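Position 135 of the sequence shown, counted from 1, bears residue number 674 in the working numbering, the numbering being contiguous throughout. The beta-carbon is built from N, C-alpha and C at its ideal position, and this holds for glycine as well. A quick note: this is a predicted structure, and the numbers were derived from the prediction, not measured.
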Amino acid sequence: MIHFVGAGSGAADLITVRGARLLGEADVIVYAGSLVNPQLLDYAKAGCAVYDSAKMTLEEVLAVMIPAEKAGKAVVRLHTGDPCLYGAIREQMDALDAAGVSYDVVPGVSSFCGAAAALKAEYTLPDVSQTVIITRMAGRTPVPERENLRALASHGSTMVLFLSTGLIPKLVEELLAGGAYTADTPAALVYKATWPDEKVFRCTLGTLEQTARENGVTKTALITVGGFLGTDYARSKLYDPGFTTEFREATR
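Below you can see the structure in the form of structure tokens.
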């Protein structure tokens, strides 16, 4: 069995209990070394073979995992955050299906959750935003035209942008062109959310580029944009004494 495991958002103790157990049982670990906290390898047992996939191609990763699994070894493919977001796992799973190799997926804590924790923020606030758009700026790797940033920005929803810190000038231009955000819309840069060297920089969309430049943030950061970072919102109906639910009657 090959286990695709979400490493969590950064801190070594934010991996799931199941993920930590599988790391401890693994005979082979292939981890995304460019982004996974190396402290997670402390869970590995003595004698475990460890490979850094940052230096490998898909074919090289498969050439490690498939023979190991067929030899009866326990294999963990350790991905950042949750593997379902920008994890490039579909191509691996398709190749394993073709090779007749069994696998499963262990979810992890995504860095967009870690960023909200670092900000002490709630992405979905009544009367502010009930939608979170997780996306990235088109760069060397394109995005589908129907998902261009300008179109997505037109909704004015909470937005969390991965893999875009090096493209901030164009990103700001596209977000403003969507028409729903302004230069005064709250924004934040969260560098290495939940890692020991985590840093949070609050700003506005209009000052995002300057904030990144002044603080030397060029990669390994999430960009968040939206009114959820402001101070105005409506109280939740769920705990409103005047709102009846399945479990209690309104008291006023």
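Query: For K594, is the classification buried or exposed, using 16 other Cβ atoms within 10 angstroms of its Cβ as the cut-off for buried?; Result: exposed
Query: Per the DSSP calculation, A588 is bridged to which residue(s)?; Result: V567
Query: Does R629 pass the burial test, meaning 16 or more other C-beta atoms within 10 Å, or should it be called exposed?; Result: exposed
Query: Residues in its own chain within less than 6 Å of V648 by CB, not counting five upstream and five downstream?; Result: G547, S548 and L553
Query: Any contact between the segment 672-692 and the segment 709-717? By contact I mean 3 or more CB pairs, one from each, below 8 Å.; Result: yes
Query: If you check the beta carbons only, do S592 and A559 fall under 7 Å apart?; Result: no
Query: By the DSSP assignment, the beta strand (DSSP E) with D643 in it spans what residues?; Result: Y642 to V645
Query: Would you mind stating whether L579 and T619 have Cβ atoms separated by less than 7 Å?; Result: no
Query: Could you give the DSSP three-state label for L574: helix, strand or coil?; Result: coil
Query: In terms of residues, what are the limits of the alpha helix (DSSP H) holding R752?; Result: L747 to E753
Query: Is it buried or exposed, T704, if we count other Cβ atoms within 10 angstroms and call 16 or more buried?; Result: buried
Query: DSSP has T763 in a bridge; who is on the other side?; Result: V699 and A727
Query: Find out if the Cβ-Cβ distance for the pair T724, L744 is shorter than 7 Å.; Result: yes
Query: Pull up the distance between the alpha-carbon of N754 and that of K709, whole angstroms please.; Result: 19 Å
Query: From T770 to L658, what distance separates their C-alpha atoms?; Result: 13 Å
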